[in-house]
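In the numbering used here, the protein residues as written are 1438 to 1676.
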């Protein structure tokens, strides 16, 4: 869905009325500014003008939603930079990479953004695996995907998996706190795991060895669990 908005852009001949659009799906990819950050940006633009361009694709804003809103509010001119992409998916990938490169985001927000690229990364990893290049087949597509996401977010694979668990299982309050950086990924994960993990009780007929195995599995880290599962899958594939 696109919403048409009228605005002014500075041109060589003066000011020209232009029609930019906001794509809600694109806009939702961008973590919102805090109230303090927005206020500082507004003060900067009203005092010094809009120094950064508004990046668009087919007249749809990709970067600069806040700057555009402020310029509209105060009737301040701005410049537009047009990007070229083959489709919306390519535009989304650019938005995510642009945010990861520019914003000082909390770790969980960086991971959340990087995870949006997971389908594209998995497709790329699958193609590389099928290409038969040396050493690529020794690691699962899932493993290479996790490594790429961790690299993009600047964190470890274990932290990525913890963030995935938080997004799937955490309460809205915990999600909000970790997204804003008020709670670390480890703190949020422990809180989520403690709340969602079932209490293990030994039944009268259950062997002691099985009960101990359950306890070990419950306390194992995500890295250990996933490494074990990958090892099991590898064994099944070799049979």
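Positions of the beta carbon are idealized from the N, C-alpha and C atoms, including for glycine.
- Determine the contact status of residue 1592 and residue 1556, defining contact as a CB-CB distance below 8 Å. Not closer than 8 Å, so no.
- For residue 1458, the nearest candidate out of 1496, 1468, 1487, 1474 (CA to CA): 1496
- Nearest candidate by alpha-carbon position, reference residue 1618, set 1464, 1546, 1523, 1455: The shortest Cα separation from residue 1618 among 1464, 1546, 1523, 1455 belongs to 1546.
- Task: Write down the C-beta distance between residue 1482 and residue 1504 rounded to the nearest angstrom, noting that I regard them as a contact closer than 8 Å.
- Result: 7 Å
- Have a look at residue 1525 and residue 1467 and give me their C-alpha separation to the nearest angstrom. 15 Å
- Message: Mapping the DSSP letters down to three states, classify residue 1460 as helix, strand or coil.
- Response: strand
- Stretch pair the stretch 1559-1566 + the stretch 1597-1607: three plus CB contacts closer than 8 Å: no
- Reducing DSSP to helix, strand and coil, say where residue 1392 ends up. The structure shown does not extend to residue 1392, since the chain is modelled only from 1438 through 1676, so no value can be given for it.
- Quick one, are the C-beta atoms of residue 1590 and residue 1611 less than 8 Å apart? no
- Task: Please report how far the alpha carbon of residue 1587 lies from the alpha carbon of residue 1537, in whole angstroms.
- Result: When rounded, the distance between both Cα atoms is 12 Å.
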